[in-house]
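Worksheet for the structure shown next.
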Ligand code: SF4
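Residue numbers (the working numbering): 100 to 359.
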């Protein structure tokens with residue numbers, strides 16, 4: 100039976116979890132007490148959790164084995180349920196937008212949050228920005244069905260406002276689990292919110308783009324969000340450079356002409 104912690108210890112755990120989240124660490128694993136004594140865990144700064152740890156979804160504590168990826172993704176979706184973990188559940192969302200695509204994808208695109216069309220249809224990147232993303236994917240010699248697409252947060256913020264930091268922190272453990280299950284060869288963060296949340300850095304897009312990052316053992320590149328490109332099409336050329344960097348990494352053949 101799980102040990103029930105007193106309120107002071109629970110608060111200490113919650114503070115420690117927030118601290119790790121701020122460092123960009125979202126995944127925690129419970130270890131059997133005989134595997135690792137608490138004193139050692141504390142000395143090594145290994146966060147231990149109990150069943151009573153607040154705000155931490157179970158799917159984020161114990162990752163499902165990635166043998167059957169579609170089943171593992173379904174488990175994460177079931178764990179999310181009709182989520183009320185952050186304020187966005189009561190600010191007009193119609194449905195949770197989980198993610199879409201090939202569970203065995205080598206390439207994963209991660210955006211910011213669902214917009215109105217996505218909220219309506221329950222699928223990420225289905226509006227005008229989604230159409231542009233589809234064109235970007237085609238320009239790389241792939242189809243939308245070949246990749247996996249998700250967002251940092253799964254509910255539409257009211258008026259398409261930028262997600263708050265605490266909303267990203269609350270929701271992103273589910274995304275971390277999706278990434279872990281899919282285990283892509285490369286991730287492309289679309290826009291500053293996705294990049295800053297995943298990389299836990301605060302820098303302008305001009306600095307974030309054009310490099311590979313190591314995201315927990317997976318290569319991660321940053322490029323502009325398609326919604327931004329709709330507002331400023333001049334940046335499409337720069338975006339294409341970013342995508343070519345990704346194509347080179349994945350061994351994809353560059354088409355002769357970039358389709359718009
Ligand atoms: S944004 Fe994420 S954490 Fe917040 S209510 Fe939706 S699914 Fe839950």
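Glycine included, C-beta positions come from ideal geometry on N, C-alpha and C. Everything numeric in this text was worked out from a predicted model, so none of it was measured.
Residue 261 sits exposed, since fewer than 16 C-beta atoms from the chains shown fall within 10 Å of its C-beta.
At a Cβ-Cβ threshold of 8 Å, residue 251 and residue 183 do not count as neighbours.
The region 282 to 294 and the region 321 to 336 touch, with three or more beta-carbon pairs separated by less than 8 Å. Here residue 251 carries a coil assignment [DSSP, helix/strand/coil]. Closest by C-alpha distance to residue 210, out of 192, 222, 257, 171, is 222.
Taking non-hydrogen atoms of the ligand SF4 into account, the C-beta of residue 176 is found less than 7 Å away from none of them. Contact check for residue 218 against residue 242 fails: the beta carbons are separated by 8 Å or more.
Counting only unbroken stretches of 3 or more residues, no beta strand (DSSP E) element lies wholly within the region 212 to 248. The C-beta of residue 214 has 16 or more other C-beta atoms within 10 Å across all chains shown, which makes the residue buried. Residue 206 carries a strand assignment under DSSP once its states are collapsed to helix, strand and coil. Under the 10 Å beta carbon count, residue 271 is surrounded by 16 or more other beta carbons and is classified as buried. The alpha-carbon separation between residue 247 and residue 307 amounts to approximately 22 Å. The bridge partners DSSP lists for residue 200 are 247. Per the coordinates, the alpha-carbon of residue 254 lies some 9 Å from the alpha-carbon of residue 190.
Only residues of its own chain outside the window of five on either side were considered, and among them 214, 215, 216, 217 have a CB closer than 8 Å to the CB of residue 226, listed in chain order.
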